[in-house]
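These notes concern the structure reproduced below.
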DNA sequence: CCTAACCTTTACGTCAACGTGAAGGTTACG
DNA sequence: CGTAACCTTCACGTTGACGTAAAGGTTAGG
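Chains as they are written, first to last, in the working numbering: chain A, 74 to 253; chain B, 74 to 253.
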């Protein structure tokens, strides 16, 4: 065996600016998230520099996603991350035990937490989808009216019906989950 | 005909507190939205009290929905409402003209605006759905692992495979849009 | 060893989205 | 004709989520 002092691979730790640049955040934000208890850097350098590992990066990506994409507040994100934290801890515990019963318990706990996350996310999407549905309903009505109108302009009953059908079909095509 | 002085039905105007109570907002918020240009009360009383009509209520519901459900900023909401405003104006214009060409133009404009609204909303849901998808992917993996584990616990190879298949099937059932 | 570029903590500044009075006018009720 | 419960317009306070500057320590390169 070569001189490897354990399973100590040390998979590359980044300093705050590198992390910020890579993820499109500011160093300030990252420190702020730490202040708010959303994450802890994997370690510190001799000179007390914050050092981040890939788990930290995952977590930050998660935070940024929730903030930018979903418009969650940091408080809400903290809730979701609590589950995420336990999930990470469970991964460690899972790797350290070989007792099937304990492993089973860990996995089941993880499942519950993920389900909770999905519920929270789904609640938001559902309401958004409802709004989209309303908009689409209006769009369909408008499209129908427009079709009738163009038919009227054309002055021909036969052509009118054809136009109406075509327009209606087009509207239905561009639409997903029209109903709410 | 009875003595009705026009089509002047005056469909009930509410004062700010009644509106606030009905919609779950505060009077302050409603005034603030007005400050920010998100709405104008339908009228004022003799004593300069703000008076709100049902259109105002619709608008406020719209605002509250975007704020609470979607987490949009007032600035973003203003964007969406600009379209909503024009839509309301167009409804009026539409009722006042009988020129088919003008009517057609109004409807087409309305369609464009609704499409824009849907695009904005869809962008948010898409990203949320992506997150849900990730979570579901994790869930499926966990469920698989759990199945293997329970099979192991059972100690029987045959039973193990059966359990794994059953669990896998269950996971796939509860899942929509697993992939991202 | 020196210097530039990074990092640290501390602390005050800022902007959105309101909350919370203050000082006074209005409406409804008895 | 009170008076309590609403309303008005200022105007300042607050909270969340950072920005920004100060005063100093650290790290990497020449």
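By construction, the Cβ of each residue, glycine as well, lies at the ideal position given by its N, Cα and C atoms.
Note that the structure is a prediction, hence the values are computed from the model and not measured.
For chain B, check one thing: does any of its Cβ atoms lie closer than 8 Å to the Cβ of residue i?
i                      : result
residue 162 of chain A : no
residue 175 of chain A : no
residue 109 of chain A : no
residue 136 of chain A : no
residue 144 of chain A : yes
residue 178 of chain A : no
residue 129 of chain A : no
Here's the rule: buried if 16 or more other CB atoms are within 10 angstroms of the residue's CB, otherwise exposed. What is residue i?
i                      : result
residue 105 of chain A : exposed
residue 198 of chain A : buried
residue 190 of chain B : buried
residue 74 of chain B  : Summary for residue 74 of chain B: the model assigns pLDDT 46, below 50, so the residue's position carries little reliability, and this model does not support an answer.
residue 120 of chain B : exposed
residue 212 of chain B : buried
residue 144 of chain B : buried
residue 220 of chain A : buried
residue 108 of chain A : exposed
residue 208 of chain A : buried
residue 250 of chain A : At residue 250 of chain A, the pLDDT of 43 sits below 50, so the modelled position is not reliable; the number obtained from the coordinates is stated separately. Classification for residue 250 of chain A: exposed.
residue 157 of chain A : buried
residue 77 of chain B  : Caution applies to residue 77 of chain B, whose pLDDT of 48 falls short of 50 and renders its modelled position unreliable; the value that the coordinates give is listed next. Answer is exposed; the Cβ neighbour count stays below 16.
Let me see if you follow: with CB-CB separation under 8 Å, is residue i close to chain A or not?
i                      : result
residue 201 of chain B : yes
residue 158 of chain B : no
residue 171 of chain B : no
residue 190 of chain B : yes
residue 197 of chain B : yes
residue 187 of chain B : yes
residue 91 of chain B  : no
residue 148 of chain B : no
residue 183 of chain B : yes
residue 85 of chain B  : no
Are residue i and residue j touching if we call contact CB-CB under 8 Å?
i                      : j                      : result
residue 96 of chain A  : residue 132 of chain A : no
residue 147 of chain A : residue 111 of chain A : yes
residue 92 of chain A  : residue 130 of chain A : yes
residue 177 of chain B : residue 223 of chain A : yes
residue 225 of chain A : residue 173 of chain B : yes
residue 180 of chain A : residue 194 of chain B : no
Report yes if the C-beta of residue i is less than 7 Å from at least one heavy atom of the ligand ADP; otherwise report no.
i                      : result
residue 208 of chain B : Here there are no bound small molecules, and the ligand ADP is not part of this structure.
**Prompt:** Looking at C-beta atoms only, is the number of pairs between the region 84-92 of chain B and the region 122-138 of chain B that lie closer than 8 Å three or more?
**Reply:** Short answer: they touch.
**Asked** Is there contact here, the region 194-209 of chain A with the region 160-172 of chain A, by at least three beta-carbon pairs under 8 Å?
**Response** The region 194-209 of chain A, when compared against the region 160-172 of chain A, does not touch it at the 8 Å Cβ threshold.
**Prompt:** Is the region 134-150 of chain B touching the region 168-185 of chain B, taking contact as three or more C-beta pairs under 8 Å?
**Reply:** Counting Cβ pairs under 8 Å, fewer than three are found: no touch.
**Validate contact between the region 183-201 of chain A and the region 181-193 of chain B using beta carbons, cut 8 Å, 3 pairs** = No: the two stretches stay apart, fewer than three of their Cβ pairs being nearer than 8 Å.
**Request:** At 4 residues or longer, and completely inside the region 133-219 of chain A: list those alpha helix (DSSP H) runs for me, N to C.
**Result:** DSSP runs (the alpha helix (DSSP H)) wholly in the region 133-219 of chain A: 147-169.
**Request:** Tell me the start and end of each unbroken alpha helix (DSSP H) in the region 85-124 of chain B that is at least 4 residues and wholly inside, in chain order.
**Result:** Taking only runs of at least 4 residues, the alpha helix (DSSP H) segments lying wholly in the region 85-124 of chain B are 89-96 and 100-108.
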